[in-house]
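Asks:
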Amino acid sequence: MKPLALAAVLAAAATGVQAQTILKIGYATSATSHYGVGTTVFCDEMEKGTQGRYKCQQFPSSALGGEREQIEAVQLGTQDLVNTSTGPLGNFVPEVKIVDIPFLFRDYDHARKVMDGPIGQDLQKKMAARGLINLAWTENGFRHMTNSKRPIHSASDAAGLKMRTMENKVHMDGYKTFGILPTPMAFPELFTALQQGTVDGQENPIPVILASKFSQVQKYLSLTGHVYSPAALILSPAVWNKLSDADKKVFTEAAKKGAAAQRKKVNDDEDTGIALLEKDGMVVDKKVDGASFRKAVAPAYAEFAKEFGADKIAAIQAVK
């Protein structure tokens, strides 16, 4: 090969190396969880759509810290992406806390329509104004209670239990109405806290309970479905602002596909996971007295209305 031709090949190769950007993305659960499934689909689609100019390096199982720490790192630009529940997000974007109100959503269809519609889009704009680019609403799922002490069938059964909660005031205010002693704790600390009896129980969606193997340290599961927990695939503005319009579209479309895959995994885990947890020895109450929980939390709604606006709560409830 002639020297000039060789130089051109080497220059092209060097340019190709420089053009590839590795993006760090973290999430709290294992690589095989719903977060891992959604993240992998997003990463694959994003890499394909940018012809390999952008690739992901995944950090599952809280390898980059708890969700709150990861959101902060993305906001600061020291981490590129996070796939996180909205639980700690309200500490950065207060308006998002409205979706954490207990018994606000009827079912998955209702919740997904709200998050994908005008209300969810407005919340995305609020996030962007605070330095968090939400590419898509992914999903964590409806939260259920587990504990090591006794079955929880009605709200009164939960009274006095020390329950790990997310670092989220709306959750904690709601759970206090059940008589629970809410104990905020970062997710990476939770398994050990349950194992050692530092807390009696926790509340999370079925996919998280499965992926985290909580059946090893919790005896009772109650399908309370007391809070719908959305999740968000958040990109740092430091990355977003460097993207071309075409690449922004690729990232957004990839995120939509990732969200769809994550939601499907939530559906699949809901369908099959309860039987797996029973097989692991958990005692499952599938017909919880939901009315008792709704009645208990009703007084807290007056405070939620003051904080978020009764009209905004009603607008979410009215979505069909």
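For the sequence shown, this note's numbering gives the first residue as 1360, with consecutive numbering after it. Where a beta carbon is used, it is the ideal one built from N, C-alpha and C, also for glycine. None of the values given here were measured: they were computed from a predicted structure.
Among the residues of its own chain, which have a CB less than 6 Å from the CB of Pro1510, if the five just before and after it don't count?
Replies: The residue you call residue 1510 lines up with position 151 of the sequence shown. Cβ neighbours of Pro1510 beyond the five flanking positions: Tyr1579, Asp1644.
Asks: To the nearest angstrom, how far is it from the Cα of Phe1401 to the Cα of Gly1395?
Replies: Here residue 1401 refers to the residue found at position 42 of the sequence shown. Here residue 1395 refers to the residue found at position 36 of the sequence shown. For Phe1401 and Gly1395, the distance between alpha carbons rounds to 10 Å.
Asks: Could you check if Gly1500 belongs to the surroundings of the ligand MN, using beta carbon to heavy atom distance under 7 Å?
Replies: No copy of the ligand MN occurs in the structure displayed, which carries no ligand at all.
Asks: Is DSSP giving Lys1383 helix, strand or coil here?
Replies: Numbered from its first residue, the sequence shown carries residue 1383 at position 24. In the three-state reduction of the DSSP assignment, Lys1383 falls in the strand class.
Asks: Quick one: what's got a C-beta closer than 8 Å to Arg1502's C-beta in the same chain, skipping five residues either side?
Replies: The residue you call residue 1502 lines up with position 143 of the sequence shown. So the list reads Glu1562, Asn1563, Pro1564, Thr1583, Gly1584, His1585, Val1586, Tyr1587, Ser1588, once near-sequence residues are dropped.
Asks: State the Cα-Cα distance for the pair Leu1494 and Tyr1413, rounded to the nearest angstrom.
Replies: Mapped onto the sequence shown, residue 1494 falls at position 135. Mapped onto the sequence shown, residue 1413 falls at position 54. Computed Cα separation, rounded: 16 Å.
Asks: Quick check: the region 1595-1603 against the region 1476-1493, are at least 3 beta-carbon pairs closer than 8 Å?
Replies: In short, these stretches touch, since the Cβ pair count reaches three.
Asks: How many Å lie between Ala1370 and Thr1391 at the Cα?
Replies: As a working mapping, residue 1370 is identified with position 11 in the sequence shown. As a working mapping, residue 1391 is identified with position 32 in the sequence shown. With a pLDDT of only 47 at Ala1370, under 50, the local geometry of the prediction cannot be trusted, and the value read off the model is given with reservation. Going by C-alpha positions, Ala1370 is about 40 Å away from Thr1391.
Asks: By the DSSP assignment, the beta strand (DSSP E) with His1585 in it spans what residues?
Replies: By 1-based counting over the sequence shown, the position of residue 1585 is 226. DSSP places His1585 in the uninterrupted beta strand (DSSP E) bounded by 1579-1594.
Asks: Measure how close the beta-carbons of Leu1592 and Ala1614 come, nearest whole angstrom, since I'm counting them as under 8 Å.
Replies: Along the sequence shown, one-based indexing puts residue 1592 at 233. Along the sequence shown, one-based indexing puts residue 1614 at 255. Sure, about 5 Å apart at Cβ, within 8 Å.
Asks: Comparing C-alpha positions only, which one of Cys1415, Tyr1534, Asn1442, Glu1406 sits nearest to Gln1621?
Replies: By one-based count along the sequence shown, residue 1621 stands at place 262. Between Gln1621 and the set Cys1415, Tyr1534, Asn1442, Glu1406, the nearest pair of CA atoms involves Asn1442.
Asks: Mark Gly1642 as exposed unless 16 or more other C-beta atoms lie within 10 angstroms of its C-beta, in which case mark it buried.
Replies: Along the sequence shown, one-based indexing puts residue 1642 at 283. With the sequence shown as reference, residue 1642 is identified as Val, and Gly is not the correct amino acid for it. With fewer than 16 Cβ atoms within 10 Å of its Cβ, Val1642 is classed as exposed.
Asks: Going by the DSSP bridge assignment, what does Ala1495 pair with across the sheet?
Replies: Residue mapping note: residue 1495 aligns to position 136 of the sequence shown, counting from 1. Residue pairing for Ala1495: DSSP places it in a beta bridge opposite Leu1592.
Asks: Would Tyr1534 and Met1522 qualify as a contact pair, given that the criterion is a beta-carbon distance under 8 Å?
Replies: Position 175 of the sequence shown, counted from the first residue, corresponds to residue 1534. Position 163 of the sequence shown, counted from the first residue, corresponds to residue 1522. Cβ atoms of Tyr1534 and Met1522: closer than 8 Å.
Asks: Assign Thr1445 to one of two classes, buried (16 or more other C-beta atoms within 10 Å of its C-beta) or exposed (fewer than that).
Replies: What you label residue 1445 is simply residue 86 of the sequence shown in a count that begins at 1. Counting Cβ neighbours within 10 Å, Thr1445 comes out buried, since at least 16 surround it.
Asks: Report the rounded CA-to-CA distance for Leu1538 versus Leu1635, giving the unit in angstroms.
Replies: In the sequence shown, counting from the first residue as 1, residue 1538 sits at position 179. In the sequence shown, counting from the first residue as 1, residue 1635 sits at position 276. In the sequence as presented, Leu is not what sits at residue 1538; that position holds Gly. Each residue's alpha carbon lies about 30 Å from the other.
Asks: For the 8 Å Cβ check, are there 3 or more pairs between the region 1470-1479 and the region 1548-1563?
Replies: The way I'd put it, the region 1470-1479 doesn't touch the region 1548-1563; fewer than three beta-carbon pairs between them come closer than 8 Å.
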